[in-house]
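Under my numbering, read the sequence shown as residues 191 to 390, first letter to last. Glycine residues also receive a C-beta, built at the ideal position from the N, C-alpha and C atoms. All figures in this text were calculated on a predicted structure; none of them were measured in a lab. Comments concern the structure below.
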Amino acid sequence: MAHRIVAPSRPHPHPDPHGQGLRLCRWDADSDADVADWLRGLADPEFRRWNTPFHPVTDLDAARASLRAKAEHAAEGTGVSFRITDAVTGTTLGHIGVNDINQAMRVARVGYWTLPEARGHRVATRALALTAHWALTDLGLHRLELGHALAHDASCRIAERCGFPYEGTLRGAMWEAENRDAFRDVHLHARLATDPPVNL
191 MAHRIVAPSR PHPHPDPHGQ GLRLCRWDAD SDADVADWLR GLADPEFRRW
241 NTPFHPVTDL DAARASLRAK AEHAAEGTGV SFRITDAVTG TTLGHIGVND
291 INQAMRVARV GYWTLPEARG HRVATRALAL TAHWALTDLG LHRLELGHAL
341 AHDASCRIAE RCGFPYEGTL RGAMWEAENR DAFRDVHLHA RLATDPPVNL
């Protein structure tokens, strides 16, 4: 019998991932604190250096609308977005999402960012490891892809550390920073459900 992926809508069919000092929680568009953290992350210069969102988020109203769109994707079963938090304090540390879920092919893409104060503490590495395990077990995916701008060496190291080997370079596959008229190359990494476990 084929494995059926359950859409990650509310109420959540699976417990939110936690471990390694982190808890991954769903973003709440009705929470002013969540909206402010979301805006701060997307406005961060380091985020903007490596990412050019399809829909720019420049104020609180746009941030709330963006989070509501994320919730709609979850309800449709095409994506799920987690707020990375400290497991003890609940402080927001960043974001990680499983996006473009193709339930027929059991494949999706993962993306993440961390807030400035969370960098240098392996937050992205720990969050990616948690999310990959969740996506490839609880969510029932077979393949999880990770793409990053060619020069983003930190993301390359995080991917390799979490068992996402480099698979190739996608030419002109993403916008240049804040420029929708120019394109840059992307490193493609991926992890399969059948890959050996990774010890961080």
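Beta-carbon proximity check, residue i vs residue j, cutoff 8 Å
i	j	result
T242	V288	no
L250	W217	no
H332	A380	no
G284	A317	yes
T253	W228	Sequence inspection shows Ala at residue 253; the Thr mentioned does not correspond to that position. In contact: A253 and W228 (Cβ atoms closer than 8 Å).
G362	D343	no
R296	E335	no
R238	A367	yes
Cβ neighbour criterion (16 or more within 10 Å) applied to residue i
i	result
R347	exposed
P207	buried
G337	buried
P198	Its pLDDT being 43, under 50, P198 is placed unreliably by the model, and the measurement read from it follows with that caveat. With 16 or more Cβ atoms within 10 Å of its Cβ, P198 is classed as buried.
D222	exposed
T359	exposed
T248	exposed
Y302	buried
T391	Coverage of the chain is limited to positions 191 through 390, which leaves residue 391 absent and any answer about it impossible.
V278	exposed
R273	buried
N220	One detail in the question is off: residue 220 reads as Asp in this sequence, not Asn. D220 comes out exposed.
F244	exposed
T304	buried
L326	buried
S271	buried
L390	exposed
D224	buried
A261	buried
A294	exposed
A264	buried
For residue i: DSSP bridge partner residues
i	result
M295	DSSP, once it has assigned bridges, lists no residue as partnering M295.
T276	Note that residue 276 is Asp in the sequence shown, not Thr. For D276, which the question treats as bridged, DSSP gives the partners L212.
G267	According to DSSP, G267 bridges with nothing at all.
F373	W365
S303	Just to set this straight, residue 303 is Trp in the shown sequence, not Ser. H285.
A380	E335
L360	V376
Inter-residue CB distance, residue i and residue j (contact presumed, cutoff 8 Å)
i	j	result
W240	A339	5 Å
I286	L214	7 Å
D290	G269	7 Å
Y356	H377	6 Å
T275	L212	7 Å
D234	P306	6 Å
Between the stretch 340–355 and the stretch 310–327, can you find at least three pairs of beta-carbon atoms closer than 8 Å?
yes
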